[in-house]
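Below is one structure; the comments refer to it alone.
Number of protein chains: 4
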Amino acid sequence: MIKICLVGYGYWGPNLLRNFNALDNCKVTVVCDSRKERLDIVLKNYPDTIVTKKFDDAFQYDFDAVIVATPVYSHFEIAEKALKNGKHVLIEKPMASSLSQCEELISLAEKKGLSLMVDHTFLYTGAVRKIKELLSSDFIGKIRYIDSTRINLGLFQPDINVLWDLGPHDISIVNYITNTKPLAVNAIGVSHTNNGIENIAYLNLFFENNVIAHFHCSWSSPVKIRKFLIGGDKKMIVWDDMEPTEKVKVYDTGYEHKSDEDKRRILVDYRTGDIYVPKVSATEALSLMAKDFIKSITDKIKPVSNAENGLLVVKILEAADKSIKNKGKEILL
Amino acid sequence: MIKICLVGYGYWGPNLLRNFNALDNCKVTVVCDSRKERLDIVLKNYPDTIVTKKFDDAFQYDFDAVIVATPVYSHFEIAEKALKNGKHVLIEKPMASSLSQCEELISLAEKKGLSLMVDHTFLYTGAVRKIKELLSSDFIGKIRYIDSTRINLGLFQPDINVLWDLGPHDISIVNYITNTKPLAVNAIGVSHTNNGIENIAYLNLFFENNVIAHFHCSWSSPVKIRKFLIGGDKKMIVWDDMEPTEKVKVYDTGYEHKSDEDKRRILVDYRTGDIYVPKVSATEALSLMAKDFIKSITDKIKPVSNAENGLLVVKILEAADKSIKNKGKEILL
Amino acid sequence: MIKICLVGYGYWGPNLLRNFNALDNCKVTVVCDSRKERLDIVLKNYPDTIVTKKFDDAFQYDFDAVIVATPVYSHFEIAEKALKNGKHVLIEKPMASSLSQCEELISLAEKKGLSLMVDHTFLYTGAVRKIKELLSSDFIGKIRYIDSTRINLGLFQPDINVLWDLGPHDISIVNYITNTKPLAVNAIGVSHTNNGIENIAYLNLFFENNVIAHFHCSWSSPVKIRKFLIGGDKKMIVWDDMEPTEKVKVYDTGYEHKSDEDKRRILVDYRTGDIYVPKVSATEALSLMAKDFIKSITDKIKPVSNAENGLLVVKILEAADKSIKNKGKEILL
Amino acid sequence: MIKICLVGYGYWGPNLLRNFNALDNCKVTVVCDSRKERLDIVLKNYPDTIVTKKFDDAFQYDFDAVIVATPVYSHFEIAEKALKNGKHVLIEKPMASSLSQCEELISLAEKKGLSLMVDHTFLYTGAVRKIKELLSSDFIGKIRYIDSTRINLGLFQPDINVLWDLGPHDISIVNYITNTKPLAVNAIGVSHTNNGIENIAYLNLFFENNVIAHFHCSWSSPVKIRKFLIGGDKKMIVWDDMEPTEKVKVYDTGYEHKSDEDKRRILVDYRTGDIYVPKVSATEALSLMAKDFIKSITDKIKPVSNAENGLLVVKILEAADKSIKNKGKEILL
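Protein chains in written order, with our numbering: chain A, 65 to 397; chain B, 65 to 397; chain C, 65 to 397; chain D, 65 to 397.
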C-alpha cells in the first residue's frame, strides 16, 4: 500500500484525490493546503484523511510519495523537500519554473533512487494512446508537420502566461509521439492586460528535415477548439478532442511527388481516399496516470509521462519566452 | 455598354465570363488564352465571342477594359500594356509579383485616369460585408486580435508559395475591416517538396496597441478549414465559411479588467452571454465584384476592392517572404 | 432536516445520493438494495449510511421521504407502501406501470397530505427552463408542431420497451412546455428481438388546431441524436442536447400566410432571419430537482415535475402501447 | 445523336438543359414553356434552340425523346402524347398523379417499344451508389430498419403535399437499395394552411420480418436536415447529405443476440467498434442520370431509375394519402 501526501487542493486536487483513492494499492493519507475551507471539503468527503495547512507539518505522518498540485512557482521547493526526505514525487505540469530547476530535481531523484514523474495527463487519453499506436507502425509514414489549436475563454493566470498554462499539453504530446527533440523554437505572444502576461501565443518547433510543429494557445477565444493535425507521408490524422465519440480520424491522404519532364517544375498531387475512425478507449486518463505513477514506484519502471518529457517541456517553454521577448527570433535548443 | 477583354481562361475564367456577361451594361467581347482547347470552350458556350491566342492580337478589336486572369508572374506585363493602351484594368489577386510593380501600375492608372482594381472577391461576400457592418458601429468594440485558418488539400502551385496563393484572401479582408496598416510582419514557412516552395506557412501582422493578426495557410491539410476569429473589446466574432448557413456568429464575450487591491496582480475575468447569428446575404460575391468594377468605370468611384488594398497585400507578402528566408525575423513595413 | 430512504442503488442511484446529500437541509440516511455489492459501494463512500437489503426492514429507522429508484414494475408497490406509512415519495420516471396505479398513488398521497413527485429530471435542465421561458412570452408565438429524435445505441431493457424507457423524457417536456393535454395518440413500433419488446418506436400526439408532436425513440441507432424542434407561428426553436454549449437556437422563421387573388390557392412563404442563441444555465438539473422535492415537502408547494405530469406520461405510454398493438390505430385519450 | 424536346423550363429545367447538352451524343433541340420569359432565358444562353409555348407545336420539329419537367398534374397528359407520337420519355419525379396513370404509361411504352424513365436523380449520387455497393455484399448484413429525415424550410406547393414533393427521393432510394416491395403503409400528416395540403408528414413502410422504413418530410423546419440511417445485422450506415465530404459512415455496430438461462428474457448487447468513411464519388448525379436515359434509348437497356421504381413510388404515395385521410390506418399494398 503506497501512502500519499497530496499538496495543494485546488481545481485539480479533487480529481487527483478521487483517482488515487480508487486504486487498490494506494491511499491518500495526508492533504496539505493553506486554505482551511479547502481542507474542510476534503474532510467532508474523506473523514479519515489527515489535513495540514503547511507541507512541513505533514512529515510527522506516514507517507511514501508526494503529489505536487500547487501553483507552478512553488513546484520546485516542494518537490525538492519531498525528494530530500526520501519521498517519491509526482508534479503537476509544468514540472517547474525553469530548466535548471528541472535538472536539479531529476539529478536529486536519481541520486536518491526515487520516482519522479510529471502529470501530463493527456498522454494517457485514449486518443493519444491510439495516435501513438498508429504512428508506431508504418501506417501513417513519416511525420511532416503537426499543427495544434488549443484555445478557449480562460481565466487569465496571474503568474504564468498562456503558453505555460496550455502549452505543456501539446508539447508533451509532441515529445511523446515524435520521440525526437526539436532543434529550435520560435514564438510570438501578445498581452491584452496591464501585467504584460501573454494571453495569446503562437509557438513553432523546428525538427530535422523541415518537420514543423505549430501551436496556437489562447485564453481569449469565444469558442473552445481542440484540434490537432498530424501530416504523415502516407496518411494524415486529425484529432478533434471536442468530438464526443469520433475523436481521431485517419485520412488516406499523403504527399506524392511526381517528377515532370519540365525540369523547372515539381508538381505535387494529392491522393485522397477513405477515412478510418478507430475506436478510442474511454477509460479516464487520470486513473491510468495514477496507476502508472504507483507502478513506477512499486515496479521501478519509467512511466509514460516521465521527468525527461517534463524537462523538455520546460526547456521549450523557456526558449519560447526568450523568443517572444525577442520578437520571434529563432532560439536554438 | 462596357466592352471587356478577358485575358486567361483557366480555373476562374468561366466564372468571370458568366458574371460579367450577366450584367446589363457590360459584355465580354474578346477572350485571350494561349490554349486552343480553352478558347473552344468559350466558343461552345458564347459563340459570338472573339477569341485570340495572344493578348497583342486583341487590340485590333473594340473593348474598354481588360480582366487579367493569368498566372501571377504575367500580371504586371499584361496590366501595364492594357493601361498604356487606355484600357481600364481588373487584376486577379494577388495584384502583381512585387511591390514596385504594384506602385508602377497604380501610378500609370492615375496618370491615365483609368480604373485599376484587384479582384479580392471575398470582400463582396455576405459574411465580410456583415462583419464590416458590425465593426463600423461600436457593437464589437476595438479589435484586439484576428486569427484565421485557411487550410485544405490543395494543388501545389509551381510558381508561388501557399502564402501568395491563399494569403491574399485573409490579408485583403484584414486590410478592409481594420482599415489600418500593420507596422510589422513575421512569418514562418516550410516546404515539403524539392522545389523549395512553401506549402505550409504562418504569418503574423503586428498593429499598434498589441493588436495582432495571425494567419495559417496550408495546402497540406486533409480537412478544409476556413475559420476567422475577431476578438473585440466588447464582443467577439467567429466566421466559419464552411458552415452552410450560420457563417457569422457574434459572441457576447469580451475583455473586462478588474483592478485588485493586490497590486501585483491584475486579474481578468470573462463575461459570457448570448450568441447572435445575423442573417448573411447569399448574393454571389463575384457578381457584386463585377458590378463594382463596372461602376468604378462608369461613375469614377473607387471600388471596395481597390488597388491600394491590392498593393498592401503584395507589400505584406513580400515582407513575409523576407521573414521566412530569415527564420521568422520581424520585418518592419 | 429531511431524512431520506433511497430504494434501489443501480445506475441512477449514486447520482441521487450525491445530489440529495449535497443539499443543506436533507440527508439520505437509509439505502435499500437487494444486491450486497451495491450496498458495499454505498458504505465505502458514505460510511455512516444505514443499508438494508429489504425495503420493509427500513421502516425501523428514521426517515421522512422515500426515493423509488427501482425497475418500473416495482414502483407502485414501493411507493404505495411508503405513502401508507406516511412518507413523502419521489419516483423515478416513468411513475408506474399503468394509469390506474398512478391514479391510486395520487389519490393516496392527497388523502394523506404527502408530497408525491416524479423525477423527470429534464424539466430542470437549463435548456428546458430556457425554452419554457421563451414560450411563456409571445416571442415564439403559438406552437404548431414539436418533433423530437432521441436515439442511441442502448442496452435493450428486458421489461419495458424503448418508448417506456426514452419516451418519458420527451412526453414530460411536451406536457410541461405546452401545458395542454393531447387529444389522441398513435404509435408504431418494431421489435428486432425474440422477446417482442419494441426497440424502435415512433409516437404521435395530436392536439387541438392540427398541432402535432412526433417522437422517434430508438435503442438501435449507431449515433446518438438528441434533437428537439418546436415550430411556432412567429419563431422556431431547435434544441440540440448533444451540442456542448449552443444547445438552444431560436430562428426568426415562422409561418406567414398570403391570400392570393386566385382563390383556389393559398401560398405560404417563409421569412427567414437572424438566429439567437440564448445562454443556458449549466447548473446540474438533478440538484435542482432534488431541491424542488425537498421544497415540496417543507413548503407544501407543487413541484415542477409533479405527479400530474407523471400520470399523463403513463397515460400516453399506455395508449401508445395499445396503438402499436393495433398497427398504428389512433387512440383517443 | 439523340434529339430532345424539353417540356417545362422552371426550377429544374436549366440543370436538365445543361447536363443533356453536355453529353456528346445528344442535344436539346426544342424547349417548350408557356411562359415567354422562361423561353427568353433559354435563347439567351442557347441561341440555336427552337422554343415553343405549346407542346403540341413542338411536333413539327425533329426530336427523338421528351423530358417532362412540368408540374405533376400535367405529367400524364404530356408523357402519353409523347409516347403515342413515338417519342422516348423521361419524367421528373413523381412519375404521375396516380398509380393507374403510371400503369397506363408503362403499358403504352412497352407496346410501342419506347424508353420510359423517371428522374429519381438521387439514385445516381455517389452516396447512394456507394450504399448500394456496400449492401450488395454481406458487409452490412440484412437490413433491419431505415430511417430518413428530409426536412427544411420549403416553399409550400399549391398542388401536392410535402410527401409527394420530398418523399419520392427517399422512397425511390429505399426501393432501389432494398430491392423489395413493402407490404403495407401508414402515414400521418398535418396541414398548417387553409388549403389542407400537408406541410409535415411521417410515413412508415412495413416489410417482411419486422423491417421498417420511416420517413419524416417537412417544409416547416428552420434547419435543413438530410439524415438517412440504415440498420443492418452486422453494421449500420449513416448518410448525412449535408456533410460536405464525409457523407457516408459505416459503423461497426450491429445486433447480437444472447440467449439467457432465464427463458423469460432475451438480452441484447451491442458491439461498437471502428467507423469507416468510404470515399464517395463527386460526379454530378444529373449527368449520370442523363447518360443513363440516353443509353436506355441507344442500347435498349433498363435504366437504374426505371419506370417500375417510379410506379412503386406513386403507389406508396397514393396509399400514404389514403392512410393520412384515415388517421394513420395501415394500408396494404
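Idealized CB from N, CA, C, for every residue including glycine.
Against chain B, does residue i count as a neighbour if the rule is that its beta carbon must be under 9 Å from one of theirs?
{"i": "residue 109 (chain D)", "result": "yes"}
{"i": "residue 208 (chain A)", "result": "yes"}
{"i": "residue 325 (chain C)", "result": "With a pLDDT of 40 at residue 325 (chain C), under the threshold of 50, the predicted position of this residue should be treated as unreliable, though the coordinate-derived value follows. Taking Cβ atoms only, chain B never reaches closer than 9 Å to residue 325 (chain C), which makes this a no."}
{"i": "residue 381 (chain A)", "result": "no"}
When the cut-off is 9 Å and only beta carbons count, does residue i lie next to chain A?
{"i": "residue 288 (chain C)", "result": "yes"}
{"i": "residue 245 (chain B)", "result": "no"}
{"i": "residue 306 (chain C)", "result": "yes"}
{"i": "residue 345 (chain B)", "result": "no"}
What residues in its chain sit with their C-beta under 8 Å from that of residue i, if we drop five residues either side in the sequence?
{"i": "residue 359 (chain A)", "result": "365, 367"}
Which chain A residues sit within Cβ distance under 8 Å of residue i?
{"i": "residue 340 (chain D)", "result": "338, 339, 340, 341"}
{"i": "residue 232 (chain C)", "result": "The contacting residues do not exist; residue 232 (chain C) stays about 23 Å from chain A at best."}
{"i": "residue 136 (chain B)", "result": "What residue 136 (chain B) touches in chain A: nothing, since even the nearest Cβ is about 15 Å away."}
Hey, residue i and residue j: beta-carbon distance below 9 Å or not?
{"i": "residue 339 (chain A)", "j": "residue 197 (chain D)", "result": "no"}
{"i": "residue 9 (chain D)", "j": "residue 133 (chain D)", "result": "Summary: the structure shown does not reach residue 9 (chain D), with chain D confined to residues 65 through 397, and so no result is reported for it."}
{"i": "residue 278 (chain B)", "j": "residue 236 (chain B)", "result": "no"}
{"i": "residue 89 (chain C)", "j": "residue 362 (chain C)", "result": "yes"}
{"i": "residue 181 (chain C)", "j": "residue 369 (chain C)", "result": "yes"}
{"i": "residue 281 (chain D)", "j": "residue 193 (chain D)", "result": "no"}
{"i": "residue 380 (chain B)", "j": "residue 246 (chain B)", "result": "yes"}
For residue i, which residues in chain C fall below 8 Å Cβ to Cβ?
{"i": "residue 158 (chain A)", "result": "Simply none; closest approach about 27 Å."}
{"i": "residue 302 (chain D)", "result": "286, 287"}
Measuring only between beta-carbons, confirm whether residue i sits less than 9 Å from chain C.
{"i": "residue 393 (chain D)", "result": "yes"}
{"i": "residue 272 (chain B)", "result": "no"}
{"i": "residue 225 (chain D)", "result": "no"}
{"i": "residue 310 (chain B)", "result": "yes"}
{"i": "residue 266 (chain D)", "result": "yes"}
{"i": "residue 74 (chain D)", "result": "no"}
{"i": "residue 130 (chain D)", "result": "no"}
{"i": "residue 215 (chain A)", "result": "no"}
Are any of the Cβ atoms in chain D nearer than 9 Å to that of residue i?
{"i": "residue 211 (chain C)", "result": "yes"}
{"i": "residue 164 (chain C)", "result": "no"}
So, at 7 Å on beta carbons, what are the nonlocal neighbours of residue i in its own chain, with the 5 sequence-adjacent residues on each side left out?
{"i": "residue 223 (chain A)", "result": "135, 136, 137"}
{"i": "residue 191 (chain B)", "result": "303, 305, 311, 312, 344"}
{"i": "residue 299 (chain D)", "result": "203, 204, 205, 314, 315, 316, 317, 318"}
Residue range of the beta strand (DSSP E) that residue i falls in?
{"i": "residue 156 (chain D)", "result": "152-156"}
{"i": "residue 304 (chain D)", "result": "300-304"}
{"i": "residue 232 (chain D)", "result": "Unbroken run through residue 232 (chain D) is the alpha helix (DSSP H), 226-242; no beta strand (DSSP E)."}
{"i": "residue 131 (chain A)", "result": "129-132"}
{"i": "residue 215 (chain D)", "result": "207-217"}
{"i": "residue 145 (chain A)", "result": "Run containing residue 145 (chain A): none in the beta strand (DSSP E); it sits in the alpha helix (DSSP H), 139-148."}
How is the alpha helix (DSSP H) around residue i delimited, first residue to last?
{"i": "residue 200 (chain B)", "result": "190-200"}
{"i": "residue 183 (chain A)", "result": "That residue, residue 183 (chain A), is in no alpha helix (DSSP H); its beta strand (DSSP E) goes 180-183."}
{"i": "residue 365 (chain A)", "result": "From DSSP, residue 365 (chain A) is part of no alpha helix (DSSP H); its letter is neither H nor E."}
Going along chain C in order, which residues have a C-beta closer than 7 Å to the C-beta of residue i?
{"i": "residue 315 (chain D)", "result": "286"}
Under 6 Å Cβ to Cβ from residue i, same chain only, skipping five residues before and after it: list those, please.
{"i": "residue 103 (chain A)", "result": "97, 115"}
{"i": "residue 349 (chain B)", "result": "185, 188, 189"}
{"i": "residue 295 (chain A)", "result": "208, 209"}
{"i": "residue 396 (chain B)", "result": "248"}
{"i": "residue 256 (chain A)", "result": "263"}
Under 8 Å Cβ-Cβ, which residues of chain D neighbour residue i?
{"i": "residue 276 (chain C)", "result": "252, 254, 264"}
Going along chain D in order, which residues have a C-beta closer than 9 Å to the C-beta of residue i?
{"i": "residue 198 (chain C)", "result": "Simply none; closest approach about 14 Å."}
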